[in-house]
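Numbering (the numbering used here), first residue to last: 6 to 480.
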């Protein structure tokens, strides 16, 4: 018969730290009476003991303990070596998130050993999120039978490597790519019949997105404009396109002229442009299913003084089922022709009925003549309009008083830099914006208010008392 292990040891693990009894055994009470310190929780353990305990635990148990104790969480962050073999990962792992330390630009990325994931885990992993490394899938290792969500962030992976990986992920439902600089042509095979969500952000060398997955319904894209094709897929219904790199122009124009070729059945469209130079043309092709449209023009160069806001009627004409329209304009100063100073008579387009449009919000409303003309056109032709919100505060108010739910509000600092604002702060307003706010309110009173039908709720959002530091000239 084998002798029992000495106190503080187990047959499998060897010496371990003794467990502490918070209530104290008789012997501990004797020790306490001699002035010893009582350890009442895991967080009372010295850091070196925590690290020693951690090094003797399996990877799974070490991670679980880090979730239960602040001290062990700090120790976990200092865990010297992660052993990702099958013995340490354990069988049946379903979620794996692994981000390597940030690498200086002049140093090579750590090359993650792809073969380590093929230790039995490839049959159970449903969620794989890897970042800040080189990820080189190897052909012939097998298939990911359960992988539903794949996210690669700041990862070096070539076109053919990613394509080969996707061919082995038939169960994939969500693909996210963030800042993967080696990707030039993203090809998605048709066998990914379960793929519903595609998110591609800031892949700076990307030129082509060529997808044959038949059931993609959500497409979010951020970066420079690229060639996009979804083959015969007709399920793309939610499209977000954001281009905040200054110099990339006319993404609104792209949405009107090109988007219908790859997303003809889009229902929700959110687009953000940093530089719109060309007015939106009137075309015969229609967004037959579009119900929600949010256009953001953000930046000092976001809107050329020659850009005609009234041309956005092209979207309204082409969208017979549109119910919600949000136009967000953010720039340090208004450079368009003002409706207040020697402006010619307001233009009126031929009468049209926008029978489905119920809610319209314009954030950053100004006295720009073409913007006032757009507003008047909507008031006069949207026969089902229920609510019109004109936000002259440029979204300066905190989220509690903001006219539209904007996930990431931005503002210009005194140096001219564009920065994100806390949801609980009022965005600072420059003197030019404050003066334009006064003019905008006057333009509303003179040109808009009298045309709003009684059935429509008109809300004019003004700067709060903290932001509004000039005399109200139209009081």
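Cβ coordinates follow ideal geometry from the N, Cα and C atoms, glycine included.
These numbers come from a predicted model, not from an experiment.
Leaving out the 5 sequence neighbours to the left and right, which residues in its chain are closer than 6 angstroms to residue i when beta-carbon positions are compared?
i: residue 254; result: 280, 282
i: residue 461; result: 390, 393
i: residue 34; result: Any reading at residue 34 must be qualified, since the residue scores a pLDDT of 46, below 50, and its modelled position is unreliable; no value is offered.
i: residue 378; result: 315, 351, 352
i: residue 258; result: 283
i: residue 197; result: 177, 218
i: residue 268; result: 241, 244
i: residue 233; result: 214, 267
i: residue 205; result: 182, 226
i: residue 323; result: 291, 292
i: residue 186; result: 209, 210
i: residue 363; result: 328, 389, 391
i: residue 275; result: 245, 299
i: residue 371; result: 339, 441, 445
i: residue 203; result: 180, 221, 224
i: residue 335; result: 303, 369
i: residue 168; result: 192
Cβ atoms of residue j and residue i: under 8 angstroms apart, would you say?
i: residue 309; j: residue 285; result: no
i: residue 345; j: residue 456; result: no
i: residue 129; j: residue 98; result: yes
i: residue 383; j: residue 368; result: no
i: residue 236; j: residue 222; result: no
i: residue 117; j: residue 139; result: yes
i: residue 465; j: residue 376; result: no
i: residue 374; j: residue 398; result: no
i: residue 438; j: residue 337; result: yes
i: residue 100; j: residue 148; result: no
By DSSP's criteria, residue i is part of a beta bridge. Which residues make up the other side?
i: residue 247; result: 227, 277
i: residue 487; result: A query on residue 487 cannot be resolved here, the shown segment of the chain reaching from 6 to 480 and no further.
i: residue 1; result: Limits of the chain in this structure are 6 at one end and 480 at the other, which puts residue 1 out of reach.
i: residue 465; result: 395
i: residue 235; result: In DSSP, residue 235 forms no bridge with anything.
i: residue 4; result: Given a span of 6 to 480 for the chain in the structure shown, any question on residue 4 remains unanswerable.
i: residue 116; result: 139
i: residue 308; result: 281
Buried or exposed, going by whether 16 or more other CB atoms sit within 10 Å of the CB of residue i?
i: residue 386; result: buried
i: residue 107; result: exposed
i: residue 104; result: exposed
i: residue 450; result: exposed
i: residue 142; result: buried
i: residue 238; result: buried
i: residue 110; result: exposed
i: residue 381; result: buried
i: residue 333; result: buried
In chain order, what residues of the same chain have a beta carbon less than 7 angstroms from the beta carbon of residue i, not counting five sequence neighbours either side?
i: residue 212; result: 189, 190, 231, 232
i: residue 256; result: 230, 246, 248, 276, 278
i: residue 123; result: 146, 147
i: residue 360; result: 388, 389
What residues in its chain sit with their C-beta under 8 angstroms from that of residue i, if we drop five residues either side in the sequence?
i: residue 199; result: 153, 175, 176, 177, 178, 220
i: residue 458; result: 384, 390
i: residue 454; result: 463
i: residue 272; result: 242, 243, 294, 295, 296, 297
Which whole runs of the beta strand (DSSP E) in the stretch 134-222 are 3 residues long or more, in chain order? Entirely contained in the stretch 134-222, the beta strand (DSSP E) runs reaching 3 residues are, in chain order, 154-161, 179-183, 190-193, 202-206, 213-216.
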